[in-house]
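Numbering (our numbering), first residue to last: 2 to 360.
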Ligand code: GLY
C-alpha cells in the first residue's frame, strides 16, 4: 500500500494518541501468517443436521452463486422442516410456548453481516438476516423491530409452533419444578437428566453452514430456534457475529452450535478465524478455542470431573479449502460437501462424552 509521508505522520500521531506504539499505524494491513490461496474448488460445510443444506448450497455454488446465498438457501430447507426441533418452523419454543428465532449471515468479499434475534412468526430467519445485511445500514435487528422489517419485505407470518413441538413443550412444562432458566438452584443437572430420561427433549440445536467458492470467497449463515424453553427474549450466540459465525475472506470462516452462553462470552468463531490467521489448522483452531471456553467455565457448569457439563461444537473452513472442527464433549460430526461429493467427518472432542450422549 502506498501512503504519503504526510498520511503516515497523521496515522502515526493518531496511533500514538491511542497509546498503540509506533508500528500500529502501519500494522492495520494484517497479513495472514500463512498466505492462503484459493483451492480452486467449491466446498460447503455444516453441522451434522446439514446434509440437505450442503447439497443445496453446493448446487448454488456450482451455478456460480454467491456464498451467502448458497448458505442461506441451504439452511432454509432445515428452517422449513417441521421435524427439526432446533431451527425455524417446528423449533422448540420459549418457556411461554412461543417460538423465537435467531440467525445471522456474513459475507466475506464485502465483510458485511446481518442478523435477527428473537424473531417471532417468520420461519426463515436466515433470509431476514440476509436482508438486514443487504437492505439496511444496520447489522442486527431484534424482536418486534425484526418482525416489522420482515413484514415490510413481504415475509409470510405464521404460527411456528407445530403440534409436535407444543406437545414436547407441554410435557416440559408439566414436569419441571424449579427447572427453568432462572438460576435459583445450583445443581440442576440431575433434574434435567431425569427429564431427558423421561423423553423430554432439550436443545441448543442449530444449523451453521459455510460456503467457499472455487475463487476463494466465503460466506456463511447460522440459524436456530435457540435454547429450548428459554426465558422470552433470550438471545443466544447464533445471531451474534464473532460468536455464532465469523467470516474473514482472507482467512476462513467458523460457525458454532451448542450452548450459546458459553460461546457468547468467548467469541469463539472470531477466535478460531484469528487462530487460523496465525497458522493453525481448522481442527486445531477449534480445539484451542474450546479449551479456552472450558478454562473459563464457571463451577456451576462443571461435572464431577470438573469438565464442562454442556456441549459446544465449532466448524471451520479455511480459504484454501481445508476443513475441520471440534466438539467440547465426546465426538461429533460435520457435514462436508466438496467436489468429491458428500461426507460426514468425525470431529474430536476436548473431553469424554456427556452421560447419555449418543455420539
Ligand atoms: N447455539 C444456539 C443457542 O444457544 O441458542
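Heads up, the beta-carbon is just placed ideally off N, CA and C, and yes, glycines get one too.
- The Cβ atoms of residue 307 and residue 103 do not sit closer than 7 angstroms to each other.
- With distances taken between CA atoms, residue 50 lies nearest to 75 out of 65, 59, 75, 153.
- For residue 61, the enclosing alpha helix (DSSP H) stretches over residues 52-63.
- Residue 133 has its alpha-carbon roughly 10 angstroms from the corresponding atom of residue 154.
- Using a C-beta cut-off of 8 angstroms, the region 282-301 makes no contact with the region 332-345, since fewer than three inter-stretch Cβ pairs fall below that distance.
- The C-beta separation of residue 47 from residue 78 comes to about 11 angstroms, leaving the pair out of contact by the 8 angstroms criterion.
- Scanning 37, 128, 341 for the CA closest to the CA of residue 225 turns up 128.
- Our two residues, residue 270 and residue 175, have alpha carbons roughly 37 angstroms apart in a direct line.
- Going by beta carbons, residue 105 and residue 89 fall outside the 7 angstroms limit.
- Here residue 172 carries a helix assignment [DSSP, helix/strand/coil].
- In this structure, residue 346 has its CB at a distance of at least 6 angstroms from all heavy atoms of the ligand GLY.
- In the three-state scheme derived from DSSP, where H, G and I count as helix and E and B as strand, residue 307 is classed as coil.
- Relative to the ligand GLY, residue 144 has its C-beta separated by 6 angstroms or more from all heavy atoms.
- Assignment of residue 314 by DSSP, reduced to helix, strand and coil, places it in the strand class.
- Below 8 angstroms, enough C-beta pairs join the region 243-259 and the region 274-281 to call them touching: three or more.
- In the structure shown, the three-state DSSP call for residue 38 is coil.
- Beta-bridge pairing by DSSP links residue 224 to 104, 208.
- Per the coordinates, the alpha-carbon of residue 222 lies some 30 angstroms from the alpha-carbon of residue 303.
- Secondary structure note for residue 344: it is in no alpha helix (DSSP H), and the uninterrupted beta strand (DSSP E) holding it is 342-352.
- Residue state for residue 333 is assigned as strand, using DSSP reduced to three classes.
- A check of alpha carbon separations from residue 324 across 338, 332, 330 identifies 338 as the nearest.
- Counting the other CB atoms within 10 Å of its CB gives residue 218 a total of 16 or more, which places it among the buried residues.
- Shown here, residue 339 sits in a strand according to DSSP, grouped into three states.
- At least one heavy atom of the ligand GLY is found less than 6 angstroms from the C-beta of residue 228.
- Counting the other CB atoms within 10 Å of its CB gives residue 64 a total below 16, which places it among the exposed residues.
- For residue 124, the secondary structure class from DSSP, reduced to helix, strand or coil, is coil.
- Under the DSSP assignment, residue 111 falls outside any alpha helix (DSSP H); it carries neither an H nor an E label.
- Each residue's CA atom was taken as its position, placing residue 152 and residue 158 some 8 angstroms apart.
- Between the alpha carbons of residue 56 and residue 292 lies a gap of roughly 32 angstroms.
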